[in-house]
Structure formats: C-alpha cells, structure tokens
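This note's numbering puts the sequence shown at residues 15 to 155.
C-beta: ideal position from N, C-alpha, C; glycine also.
The structure under discussion appears below in the form of structure tokens.
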Amino acid sequence: MDDTSKPHKTLPIKEGIFKIKDGQYFLVGTRCKSCRRHLYPPVEICPFCFVRDVEEAYLSRRGKLQAWTVVWVPPAGFEAPYGVAYVDLPEKVRVFAHLADYKADGLKPGMEMELVIGKIKVDREGNEIIGPKFRPVANGG
Ligand SMILES: [Zn+2]
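Right under this line is the structure:
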C-alpha cells in the first residue's frame, strides 16, 4: 500500500477551536465565569484569575480588522503567499487568523470582517487542514 491509495481527509487545524451551529461555523472560545472575560483559543484555566470555572463560548462571526500582513516565506507545510490578520471581536477577543484572500481590495483597519472556514495547508499525508479565516463583509451584507 502506498500513500496515494489512501483517501485524503479534511481535518481541523486544531480540535475544538471552531464548530458548526445552526449550519454556520463559529469560533469556539472560553468564557470565564469569574471575571466574565472571553478567551480564544479556548483555555481550561482563566489566565486572569486562575480559576477553572470556565465555560465554552461561541464567539461572534464578525469582527473588525485590526492589522494584517502577507507571509511570503512560509513555515514548513504552508503555501505562500498568504495573509494573516488580527481581528477584534465584540467579545473583546483579538483573534489571529488567516485572511481568505490576501489580495482582497481595500483592506483597511477597522473594517468589518466575517469568519469563513477554509484550507490552511496540506499535511504530509496529503490531508487538507482547514481552519478559521476572515474576509471582508460584502457590501450590503
Ligand atoms: Zn477570569
């Protein structure tokens, strides 16, 4: 058996950081029941008050573009160029994620972005690794 005969899978870049609810993808973070802060990616202990009293929290699918850049020299396994961005969600969480299209016209700080899930890279076994990405909200959307 060689590798090419194996069916390739689609796998999340990290288990549990996004889920489907009501037919839509959401980033899944943590909400601390003590200080009420939201955290992403999810944690087991709140880094602000060191309690384990945390719960799963589905985060907003939209946020504001804070900063972004294009990666031309990728780490192993990634295909360059691609864009990465910081997006601020209403839960006061700053998410680091890929841009769906680094060439997207008119990217500017503060613009409204929305979550999509797409291919991040292909692993050594040929599996497609998917994860969160952001794209500008279409006009009028
Ligand atoms: Zn806390």
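Compute the Euclidean distance between the alpha carbons of residue i and residue j, then round it to the nearest angstrom.
i    : j    : result
K135 : H112 : 11 angstroms
V65  : S48  : 8 angstroms
V107 : E70  : 14 angstroms
P104 : E126 : 11 angstroms
Secondary structure at residue i, three-state DSSP: helix, strand or coil?
i    : result
I121 : The identity of residue 121 in the sequence shown is Leu, whereas the question assumes Ile. The answer is coil: DSSP assigns L121 none of H, G, I, E or B.
R108 : strand
V151 : coil
H22  : coil
Report the partner residues of residue i according to the DSSP bridge assignment.
i    : result
G77  : M127
W244 : Outside the shown range of the chain (15 to 155) lies residue 244, about which nothing can therefore be said.
Y72  : V42
Quick one, which of the options has its alpha-carbon nearest residue i's?
i    : options             : result
V84  : L53, G97, G77, F92  : G97
C63  : L73, F92, C46, R75  : C46
D115 : P146, R138, P89     : P146
G120 : V87, L79, D102, I27 : L79
* Check each residue's C-beta against every heavy atom of ligand 1 and list, in chain order, those closer than 5 angstroms. => C46, S48, C49, C60, F62, C63
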